[in-house]
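A short write-up of the structure that comes next.
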Amino acid sequence: DQQVKQNSPSLSVQEGRISILNCDYTNSMFDYFLWYKKYPAEGPTFLISISSIKDKNEDGRFTVFLNKSAKHLSLHIVPSQPGDSAVYFCAASGVGASYGKLTFGQGTILTVHP
Amino acid sequence: DGGITQSPKYLFRKEGQNVTLSCEQNLNHDAMYWYRQDPGQGLRLIYYSQIVNDFQKGDIAEGYSVSREKKESFPLTVTSAQKNPTAFYLCASSSRQVKNEKLFFGSGTQLSVL
């Protein structure tokens, strides 16, 4: 049972344009969401997070939006740069869950073309 | 520099053999985790440990074993009972004092079966 889903395996955008990566979840007990970025043969690195008490969190070129009623979150990257090309994972944790017990989506491969 | 070190980067396992993946951290984190990544799938939790001498099974613990004798170290043994061990293994850590459950990952070990 996939509780966190990233339905787009890949996304290709032009440099300077907006990249929008989507994530859906089914567990209504999730209350904290994170995005990680991963380069090949490396471990993921934390990018941005959002608590369920918010609907938007911004950090430079990266903005995460949360729609709790739709159980949907998205990551916007504006403007996209070639260095943003990587795999992006969304992850979620729930009320009462042990620290770090994150549930990850399958990942979306983002390619930004110069 | 603080961080998480995984070794080796590549590992090959013969039929019926147990192999051990090393994970060391100098971040003074209490919690440590092992995840497995397969192509097209998200990261899945194998085992985690909140404190020395204690660890818990994750979602896919069968065929794996761990120990946590020191705060800095959390080795993972892939036993011969694990029938499909080929995957990218990621170790992570987090501070119990940090509620946002941000994980810091090592650079991973690619395990393949000969």
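Quick mapping for you: the protein sequence lines, in order, are chains A and B.
Quick note: the first sequence uses our numbering, first residue 1, plus one each step.
Quick note: the second sequence uses our numbering, first residue 1001, plus one each step.
Think of the CB as a built atom: it goes at the ideal place given N, C-alpha and C, for glycine as much as any other residue.
ASN67(A): member of the beta strand (DSSP E) spanning 62–67, first to last residue. Between PRO82(A) and LYS1070(B), the alpha-carbon positions lie close to 41 Å from each other.
The beta-carbon of THR45(A) is placed less than 9 Å from the nearest beta-carbon of chain B. Residue burial annotation: GLY105(A) is buried, with at least 16 other C-beta atoms found within 10 angstroms of its C-beta. At a cut-off of 9 Å between C-beta atoms, LYS101(A) counts as an interface residue with respect to chain B. GLU58(A) is bridged by DSSP to THR63(A). Per DSSP, reduced to three states, the secondary structure at GLY83(A) is helical.
Shown here for LEU1011(B): same chain residues with a beta carbon closer than 8 Å to its own, the five before and five after excluded, namely VAL1019, LEU1021, THR1109, GLN1110, LEU1111, SER1112 in chain order. When Cβ-Cβ separations below 9 Å define contact, TYR25(A) makes no contact with chain B. Taking a Cβ-Cβ cut-off of 9 Å, GLN81(A) has no neighbours in chain B, whose nearest Cβ is about 22 Å from it.
At least one beta carbon of chain B lies nearer than 9 Å to the beta carbon of ALA91(A). From the listed residues LEU110(A), SER19(A), ALA91(A), HIS113(A), the smallest Cα separation to PHE46(A) is found for ALA91(A). The beta-carbon of PHE104(A) is placed less than 9 Å from the nearest beta-carbon of chain B. Assignment of ASP1038(B) by DSSP, reduced to helix, strand and coil, places it in the coil class. Exclusion of the five residues before and after LYS56(A) leaves ILE50, THR63, VAL64, PHE65, LEU66 as the residues of its chain whose Cβ lies within less than 8 Å of its Cβ.
In the structure shown, LEU47(A) falls within a strand segment according to DSSP collapsed to helix, strand and coil. Nearest C-alpha to LYS54(A) among VAL13(A), HIS113(A), ASP31(A), ILE20(A): ASP31(A). Just measuring C-alpha positions, the residue of VAL1078(B), HIS1029(B), LYS1009(B) sitting nearest GLY1063(B) is VAL1078(B).
Below 8 Å, enough C-beta pairs join the stretch 1084–1093 of chain B and the stretch 1024–1040 of chain B to call them touching: three or more.
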